[in-house]
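Beneath this line is the structure, given in structure tokens, with notes to follow.
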Amino acid sequence: MPESPQSFSSFRRFKFAAAVIIVVSVKTLFGSAAHSQQPDAKQDAAEAAARGKKQFAESCGFCHGPDATGARGPDLVRSALVAHDVKGELIGEIVKNGRPDKGMPAMPATDDQIADIAAFLHARAKEALESSGVPAAYPVEKLLTGNFEKGKAFFEGAGGCKNCHSPAGDLAGIAKKYSSIELEAHMLYPDFPPPTATVTLRTGEKISGVVSHLDDFVVSIRVGDKSGWNRAFARDSVKVELNDPAAAHRDLLPKLTQDDMHNLYAYISTLK
Amino acid sequence: MISRSAIRKALYALTFFFCVLTFTSRASAQGLDPAALLKPPTDAWPTYNGDYSGRRFSTLDQINAANVNSLTLAWIFRTPTHTLKSTPLVVNGTMYFTSPDHVWAIDAKFGRQIWHYQRKSEGDHIGNRGVAMYKDWLYFESPDAHLICLNAKDGTVRWDVVLADAKLGYFATMAPLVVKNHIIAGVSGDVTDVPGFLLAIDPDTGAVQWRWNTEPKPGEPGSETWPKDSDAISHGGGMTWMTGTYDPNLNLLYWGTGNPNPVLAGEGRPGDNLFTCTIVALDADTGKLVWHFQPSPHDVHDWDAVQTPVLFDAEFKGKPRKLLAQASRNGFYFLLDRTSGEHLATAAFIEQTWASGIDAKGRPIAKPSANPAPDGTLVEPGSDGSTNWMAPSFDPQTNLFYVNARRLFSVYYNTVTTKAEGWGGRDRILWANSTIRALDFKTGKVVWNHEIGEGESIAGILTTAGHLLFTADTSHNLLALDPTTGKTLWHLNVGGPLLASPMTYMLDGRQFLIIPISDTLYAFALPEKPGN
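Below, the structure written as structure tokens:
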């Protein structure tokens with residue numbers, strides 16, 4: 000594809016400007032379709048798919064693989080016929096009549112069994128469609144391939160993490176706050192507060208506060224703190240000294256090896 | 000003795016006469032002769048990229064570096080909240096542009112609607128990049144992967160043919176390309192493992208003239224880059240979702256193909272996976288492959304090589320060459336001889352962490368450690384790429400190649416637990432920052448860098464003979480940059496993002512600059528002199 004830009008929901012960084020990409024990702028579309036279903040209907044479909052899975056493994060799995068990804072027979076997750084099927088109408092014909100020309104025998108099955116098998120196959124196709132996202136409940140065990148001791152040493156030494164962070168301070172309980180993948184993303188690039196700045200006017204007056212907008216032409220700040228009044232200046236009329244809390248992480252990202260990342264995660268994930 | 004007022008009257012009369020002539024010649028023109036595409040007039044922008052070369056360089060210079068500060072609004076055309084990713088066509092004073100399911104025809108001088116076509120459809124509505132025009136007909140690709148022929152005069156449907164089966168996950172977004180009597184139409188796909196292809200369609204009947212398949216048939220050249228005894232090659236992806244370029248003298252069509260499938264999980268498809276992530280040169284009349292170059296062999300990061308293959312002629316190492324350049328989504332610039340496909344240069348145009356070097360064929364060598372993994376792999380760039388579909392530009396006045404390039408860090412997860420199908424994982428974006436860069440076309444070295452802000456910009460680039468480069472930053476500012484230095488010459492806060500590429504044309508002596516911002520077209524021009 001894949002031409003779809005990712006959703007900016009994964010962007011947690013304070014942004015100087017509004018997000019520049021407007022996205023209706025496939026994931027979002029499928030997500031909203033799923034949400035629009037009635038909970039009962041969704042549960043019924045899930046139960047039918049679960050029954051169908053068992054039925055499929057028993058009756059069809061020998062040739063098509065228990066997960067329908069193909070063995071002696073073709074992969075049915077990618078099947079054009081399954082893609083066109085509605086509620087087992089096409090799938091049922093094949094099950095009942097077989098495909099003698101391709102060596103598939105007819106299989107005795109009731110209408111209910113066929114409906115369940117169809118529900119299973121459609122659920123498998125949907126899984127493939129939804130494989131363009133990392134599950135929110137991704138098992139943390141999969142991420143724990145690093146070395147705790149090395150991660151701790153990196154935190155306290157080469158990584159420079161302890162210059163700004165402490166396990167007993169700002170990071171206390173951090174591993175409880177986020178799920179597996181979220182923790183990894185926040186470890187690498189946290190949700191930063193907006194930058195602060197001191198703006199020096201031509202008169203020499205200095206105004207400090209929280210940056211609310213910054214581009215090549217305009218700087219706006221909330222004077223004092225984020226609850227202060229907003230003031231905006233043309234960049235060419237003032238001097239701006241920016242304090243960007245994200246700078247250290249941006250510098251670190253290109254330097255991290257895969258091992259550094261995994262080791263650091265092994266350490267950070269213990270901060271519960 | 001003739002009085003001054005008499006001379007003035009005579010001049011007015013002459014001016015009026017020529018104006019009438021101009022109007023008459025334009026009004027009487029019928030449609031778009033495909034022969035005109037060989038050397039487009041300045042009052043038209045008749046293809047997605049303006050011409051076959053894909054340079055997005057306009058010879059117009061009425062708006063130029065000396066007067067760009069007086070640029071003003073000529074008109075605004077608002078659509079009902081459709082994100083505009085299309086580059087409008089302008090032919091015979093009419094502008095045609097699109098969004099998914101929609102085509103508009105408006106007057107290119109005044110911005111008034113002539114007609115609006117709508118067709119509701121299934122399929123991915125991520126974007127539509129525009130129409131193609133042949134004689135009196137427009138060609139439009141729909142989200143459910145149909146090609147629809149419309150009457151350019153009134154927007155009525157002449158025919159509607161299916162390019163690909165939307166139920167299988169195909170969709171369509173690209174602006175087709177007219178080459179002689181062929182409508183060249185590509186397709187999109189995303190999460191399903193469907194094979195890519197490119198079609199040439201008869202402009203009158205909608206019949207397929209030729210079909211080029213991204214994946215070779217078993218036994219054909221390229222098939223050795225896929226595993227044997229597996230269905231991988233028939234589910235290998237490689238969509239043809241961006242408009243290519245064309246050299247009329249060589250009669251070669253240049254097209255970039257998308258990533259292989261499954262997208263991030265490559266273990267089931269060992270090999271280079273030709274002709275995915277590849278620049279191909281095809282005979283325009285037969286669709287036969289003449290040469291190919293693969294920017295990303297065995298891609299596992301979603302780095303389509305569909306970015307415009309830009310064509311220009313220049314001297315390279317003391318020899319005049321017909322060249323093709325691409326700044327690819329994987330972060331590398333490639334320079335090829337477009338006659339033979341001979342590789343001439345490869346260089347990273349921005350920081351990247353996935354390649355360890357360049358191989359003998361000029362292709363980046365992927366580090367195995369950069370493959371998506373169950374425990375995550377930190378890679379620059381993320382799957383959205385160091386650049387993407389937004390238009391690059393080549394300016395023959397500066398000999399520089401311009402690209403919207405970004406820093407982008409992601410952690411890639413391979414989430415496969417059974418046979419990989421679909422994406423097989425995803426990357427999680429951490430941080431992005433966008434730039435406009437000028438590259439030395441011979442080496443790919445960065446000559447200047449202009450920061451345009453945090454986030455992923457998808458603003459395209461236009462250069463003009465007026466010594467201007469038009470684009471936008473990520474803070475909703477339109478920018479006119481000096482193409483030699485990258486310095487800002489003009490800017491305007493337009494209150495929304497540029498999600499397409501700017502274009503320009505001259506009508507009745509006035510140069511218009513068209514910038515789509517979110518759902519609205521803005522037409523800029525120099526102020527009209529009083530009395531005009």
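Top to bottom, those sequences are chains G and X.
Going by numbering that gives the first Met the number 0, the first sequence opens with residue 0, and the numbers climb by one from there.
Going by numbering that gives the first Met the number 0, the second sequence opens with residue 0, and the numbers climb by one from there.
All C-beta atoms, glycine included, are put in the ideal place defined by N, C-alpha and C.
Being a predicted model, the structure only gives us computed values, none of them experimental.
Name, in chain order, the residues that DSSP records as bridge partners for residue i.
i        : result
X:Phe400 : X:Phe393, X:Leu438
X:Asp336 : X:Leu322
X:Met132 : X:Leu137
X:Gln112 : X:Ile105
X:Leu520 : X:Phe76, X:Pro515
X:Thr376 : X:Tyr411
G:Met279 : Because chain G in this structure spans residues 0 to 271, residue 279 of chain G falls outside the shown range and cannot be described.
X:Ile364 : X:Gly356
X:Leu480 : X:Leu468, X:Thr487
Tell me where the alpha helix (DSSP H) around residue i begins and ends.
i        : result
G:Lys175 : 173-176
X:Asp246 : Per DSSP, X:Asp246 belongs to no alpha helix (DSSP H); it is in the beta strand (DSSP E), 244-246.
G:Gly91  : 88-96
G:Gly150 : 147-155
X:Arg509 : Unbroken run through X:Arg509 is the beta strand (DSSP E), 509-516; no alpha helix (DSSP H).
X:His490 : Premise fails: X:His490 lies in the beta strand (DSSP E), 487-492, not in any alpha helix (DSSP H).
X:Gly356 : Taken as a continuous stretch (DSSP letters only), X:Gly356 belongs to no alpha helix (DSSP H), being part of the beta strand (DSSP E) at 354-357.
G:Leu120 : 110-128
G:Lys141 : 139-142
Does any CB atom of chain G fall closer than 7 Å to the CB of residue i?
i        : result
X:Trp447 : no
X:His234 : yes
X:His490 : yes
X:Val190 : yes
X:Trp422 : yes
X:Ser339 : no
X:Pro367 : no
X:Gly267 : no
X:Gly375 : yes
X:Leu20  : The predicted position of X:Leu20 is uncertain, since its pLDDT is 41 and thus under 50; a value taken from the coordinates is nonetheless stated next. No, because no Cβ of chain G sits closer than 7 Å to the Cβ of X:Leu20.
X:Lys166 : yes
X:Phe408 : yes
X:Thr417 : yes
X:Trp430 : yes
X:Thr462 : no
X:Arg436 : no
Counting only C-beta atoms, is residue i closer than 7 Å to chain X at any point?
i        : result
G:Leu128 : yes
G:Ile267 : no
G:Asp214 : yes
G:Phe29  : Bear in mind that the predicted position of G:Phe29 carries a pLDDT of just 34, short of 50, making it unreliable; the figure below should be weighed with that in mind. So no, G:Phe29 is outside the interface.
G:His63  : no
G:Met260 : yes
G:Ala33  : Model confidence at G:Ala33 stands at a pLDDT of 39, short of 50, so the residue's coordinates are unreliable; what they give is reported in the following sentence. G:Ala33 does not count as touching chain X.
G:Leu251 : no
G:Lys142 : What sits at residue 142 of chain G in the sequence shown is Leu, not Lys. It does: the Cβ of G:Leu142 has a partner Cβ on chain X nearer than 7 Å.
Can you name the start and end residues of the beta strand (DSSP E) that residue i belongs to?
i        : result
X:Asn150 : 145-150
X:Glu527 : Taken as a continuous stretch (DSSP letters only), X:Glu527 belongs to no beta strand (DSSP E), as it is neither H nor E.
G:Glu240 : 238-242
X:Met502 : 502-506
G:Asn229 : 229-233
X:Leu343 : 342-347
G:Ile267 : That residue, G:Ile267, is in no beta strand (DSSP E); its alpha helix (DSSP H) goes 257-267.
Check your understanding: Is the number of C-beta pairs between the region 60-73 of chain G and the region 414-422 of chain X that are closer than 8 Å three or more?
Key -> A contact exists between the region 60-73 of chain G and the region 414-422 of chain X.
Review point. Can you give, in chain order, each stretch of the beta strand (DSSP E) that sits fully within the region 416-477 of chain X and has at least 3 residues?
Key: Qualifying beta strand (DSSP E) stretches, in chain order: 424-439, 445-453, 461-463, 467-471.
Point to revise | Completely contained alpha helix (DSSP H) runs for the region 166-217 of chain G, where each covers 4 or more residues | key: Runs found: 173-176, 179-187.
Point to revise | Those runs of the beta strand (DSSP E) which lie wholly inside the region 160-211 of chain X and span at least 3 residues | key: If we require 3 residues or more, the beta strand (DSSP E) runs fully inside the region 160-211 of chain X come out as 176-178, 181-185, 196-200.
Practice item. Report yes or no: do the region 398-409 of chain X and the region 443-460 of chain X share at least 3 C-beta pairs separated by less than 8 Å? Key: Three or more beta-carbon pairs separated by less than 8 Å link the region 398-409 of chain X to the region 443-460 of chain X, which places the two stretches in contact.
Practice item. Examine the Cβ distances between the region 134-145 of chain G and the region 51-62 of chain G and report whether three or more of them are shorter than 8 Å. Key: Counting C-beta pairs with one atom in each stretch, the region 134-145 of chain G and the region 51-62 of chain G have fewer than three that are closer than 8 Å, which means they do not touch.
Point to revise | Length at least 4, wholly inside the region 294-322 of chain X: the alpha helix (DSSP H) runs in chain order | key: Entirely contained in the region 294-322 of chain X, not one alpha helix (DSSP H) run reaches 4 residues.
Check your understanding: Are the region 384-397 of chain X and the region 298-315 of chain X touching by the rule of at least three beta carbon pairs closer than 8 Å?
Key -> Contact annotation: the region 384-397 of chain X touches the region 298-315 of chain X, with at least three C-beta pairs closer than 8 Å.
**Study point:** Length at least 3, wholly inside the region 64-95 of chain X: the beta strand (DSSP E) runs in chain order
**Key:** DSSP runs (the beta strand (DSSP E)) wholly in the region 64-95 of chain X: 71-77, 88-90.
Review point. Looking at C-beta atoms only, is the number of pairs between the region 81-96 of chain X and the region 274-292 of chain X that lie closer than 8 Å three or more?
Key: With fewer than three CB-CB distances shorter than 8 Å, the region 81-96 of chain X does not count as touching the region 274-292 of chain X.
Review point. Counting only runs that start and end within the region 248-290 of chain X, where is the beta strand (DSSP E) found for 3 or more residues in a row?
Key: Taken in chain order, the unbroken stretches of beta strand (DSSP E) that lie wholly in the region 248-290 of chain X and span 3 residues or more are 251-255, 278-282.
Practice item. Please confirm if the region 106-125 of chain G is in contact with the region 231-250 of chain G, defined as three or more CB-CB distances below 8 Å between the two stretches. Key: Touching, no.
**Study point:** Touching by the beta-carbon criterion (3+ pairs, under 8 Å), the region 269-276 of chain X and the region 296-306 of chain X
**Key:** The answer is yes - the region 296-306 of chain X touches the region 269-276 of chain X, with three or more Cβ pairs under 8 Å.
Check your understanding: Are at least three pairs of beta-carbons, each pair with one atom in the region 224-237 of chain G and one in the region 163-179 of chain G, less than 8 Å apart?
Key -> Contact fails: fewer than three Cβ-Cβ distances are below 8 Å.
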